[in-house]
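Asks: Sharing a structure, written as structure tokens. Questions coming.
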Amino acid sequence: MNKVYFIGIGPGAPDLLTLRALNLIRKADLIIYPGSLINMDMLTFLKKENPLARFIDAYGKDLEEILEEMERALKAGKLPIRLVSGDPAIFSSIMEHIERLRERGYDYEIVPGISSGLAAAASLGLEFTYPELSNTVIFTRLAGKTGGATEEEILNFAETNSTLVFFLSSSLVEELTNLLLKVLPKDTRVAILHRLTHSGEKIILTTLKELPQKMKEEKITKTALIVLGKILNLLDKNYYRRSKLYDRK
0 MNKVYFIGIG PGAPDLLTLR ALNLIRKADL IIYPGSLINM DMLTFLKKEN
50 PLARFIDAYG KDLEEILEEM ERALKAGKLP IRLVSGDPAI FSSIMEHIER
100 LRERGYDYEI VPGISSGLAA AASLGLEFTY PELSNTVIFT RLAGKTGGAT
150 EEEILNFAET NSTLVFFLSS SLVEELTNLL LKVLPKDTRV AILHRLTHSG
200 EKIILTTLKE LPQKMKEEKI TKTALIVLGK ILNLLDKNYY RRSKLYDRK
């Protein structure tokens with residue numbers, strides 16, 4: 000077990016942790032967590048599950064400091080884990096860690112978690128794929144400090160019938176809205192999902208035109224997903240299209 004574990008802890012609710020994640024957390028000697036992203040309910044739960052572990056907040060630390068903590072633990076025969084919000088495969092920074100660990104000859108393992116992008120569908124009470132509405136889901140973000148999709152790519156995405164889920168774009172909502180209005184109607188339906196699965200979860204339904212104002216009114220500047228697409232028609236009680244899945248041959 001002399002390796003670093005990168006563990007997805009899901010969108011926020013402690014009971015959405017996977018069994019594998021929880022078992023490793025209980026065994027860990029060093030737990031490095033994302034202080035700017037983890038909610039207090041989750042952190043309190045984890046500390047109760049493993050009161051003997053050393054917890055380190057990664058917020059404000061550079062990559063080298065984090066790697067040094069991991070390396071010290073490995074050399075001492077300890078079990079270090081790095082917690083990642085949501086799922087490590089979606090908009091995390093684990094590859095930077097992994098590349099440096101490889102350079103130093105250390106092994107690692109990734110433990111998947113529930114992505115907030117998928118938790119969003121559950122909170123909305125619908126599927127993100129549905130016959131004749133959308134057969135594709137795109138997880139993306141508007142280009143910011145650490146990169147993202149180009150304007151051309153966003154416009155191309157918007158012109159498809161895909162369900163669009165925007166991560167890490169709340170602070171750029173004005174730019175995102177103005178861009179999407181180039182190819183989408185003003186009354187395009189939009190869902191804002193803030194603090195998903197947390198005690199203060201908020202779901203706001205609006206239109207593309209009203210999106211920036213709604214975000215401003217609700218004082219949402221981060222930890223929110225923006226979802227749009229024809230798939231939101233499923234929120235209408237009278238909207239239904241038979242999938243033909245259960246038709247007799």
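Heads up, the sequence shown is in numbering that gives the first Met the number 0, so the first residue is 0 and it goes up one at a time.
The beta-carbon is built from N, C-alpha and C at its ideal position, and this holds for glycine as well.
Here the structure is a predicted model, which means the values were calculated and not measured.
#1: Run through DSSP, which three-state label would Leu-62 get?
#2: Kindly indicate which residue of Leu-231, Gly-228, Leu-195 has the alpha-carbon position closest to the one of Lys-221.
#3: At which residue ranges does the stretch 6–77 contain complete alpha helix (DSSP H) runs of 4 or more residues, listed in the order of the chain?
#4: Leaving out five residues before and five after Tyr-58 in sequence, what residues of the same chain have Cβ atoms less than 6 Å from its Cβ?
#5: Determine contact between the stretch 10–26 and the stretch 201–211, defined as no fewer than three beta-carbon pairs at a distance below 8 Å.
#6: Can the beta-carbon of Lys-77 be found closer than 8 Å to that of Asp-28?
#7: To the nearest angstrom, how far is it from the Cα of Tyr-245 to the Cα of Ala-88?
#8: Where does the unbroken alpha helix (DSSP H) through His-96 begin, and where does it stop?
#9: Using 8 Å for Cβ pairs, my map puts Ala-119 next to Val-164. What's the rounded Cβ distance?
#10: Is it true that the stretch 103–121 meets the stretch 0–13, where meeting means three or more beta-carbon pairs spaced less than 8 Å apart?
#11: Kindly indicate which residue of Ala-52, Glu-173, Ala-157 has the alpha-carbon position closest to the one of Gly-143.
#12: Out of curiosity, what's the CA-to-CA distance linking Pro-50 and Glu-63?
#13: Could you have a look at Thr-135 and say whether DSSP puts it in helix, strand or coil?
#14: Going by DSSP, what residue range makes up the beta strand (DSSP E) through Pro-130?
#15: Using the Cβ count rule (16 or more neighbours within 10 Å means buried), how would you classify Leu-253?
#16: Using only alpha-carbon positions, find the residue among Glu-95, Asn-177, Ser-169, Asp-86 that is nearest to Pro-10.
#17: Extract the residue ranges of the alpha helix (DSSP H) inside the stretch 200–228, only unbroken runs of 4 or more that lie entirely within it.
#18: Note down the Cα distance separating Lys-60 from Phe-90, rounded to an integer number of angstroms.
#19: Rounded C-beta distance between Gly-112 and Thr-17? I'm assuming under 8 Å.
#20: In this structure, does DSSP put Glu-158 in helix, strand or coil?
#21: Below 8 Å on the Cβ atoms is my guess for His-96 versus Leu-132; work out the distance and round it to an integer in Å.
#22: From the DSSP secondary-structure annotation, give me the bridge partner or partners of Val-182.
#23: Quick check on Ala-88: does DSSP put it in helix, strand or coil?
#24: Since Ala-148 sits in a beta bridge, which residues does DSSP pair it with?
Replies: The short version:
#1: Correct three-state label for Leu-62: helix.
#2: For the residues Leu-231, Gly-228, Leu-195, the minimum Cα distance to Lys-221 belongs to Leu-195.
#3: Listed in chain order, the complete alpha helix (DSSP H) runs (minimum 4 residues) inside the stretch 6–77 are 18–26, 39–48, 62–74.
#4: Hits under 6 Å: Gly-34, Ser-35.
#5: Of all C-beta pairs linking the stretch 10–26 to the stretch 201–211, fewer than three are shorter than 8 Å, placing the two stretches out of contact.
#6: Between Lys-77 and Asp-28, the gap from beta carbon to beta carbon is short of 8 Å.
#7: Low confidence applies here, because Tyr-245 scores a pLDDT of 49, under 50, leaving its location unreliable and the question unanswered by this model.
#8: For His-96, the enclosing alpha helix (DSSP H) covers residues 93–102.
#9: Contact holds; Cβ gap of about 6 Å.
#10: The answer is yes - the stretch 0–13 touches the stretch 103–121, with three or more Cβ pairs under 8 Å.
#11: Of the listed residues, the one whose Cα sits closest to Gly-143 is Glu-173.
#12: For the pair Pro-50 and Glu-63, the Cα-to-Cα distance works out to about 26 Å.
#13: DSSP places Thr-135 outside both helix and strand once states are collapsed to three, so it counts as coil.
#14: That residue, Pro-130, is in no beta strand (DSSP E); it is neither H nor E in DSSP.
#15: The structure shown does not extend to residue 253, since the chain is modelled only from 0 to 248, so the question has no answer here.
#16: Answer by Cα proximity: Asp-86.
#17: 210–216, all fully within the stretch 200–228.
#18: The alpha-carbon atoms of Lys-60 and Phe-90 are separated by roughly 19 Å.
#19: The Cβ separation is near 6 Å, so the contact holds.
#20: Three-state DSSP puts Glu-158 in coil, outside helix and strand.
#21: That pair is no contact at about 38 Å.
#22: BP columns for Val-182 are empty, so no partner.
#23: In the structure shown, the three-state DSSP call for Ala-88 is coil.
#24: BP columns for Ala-148 point to Leu-141.
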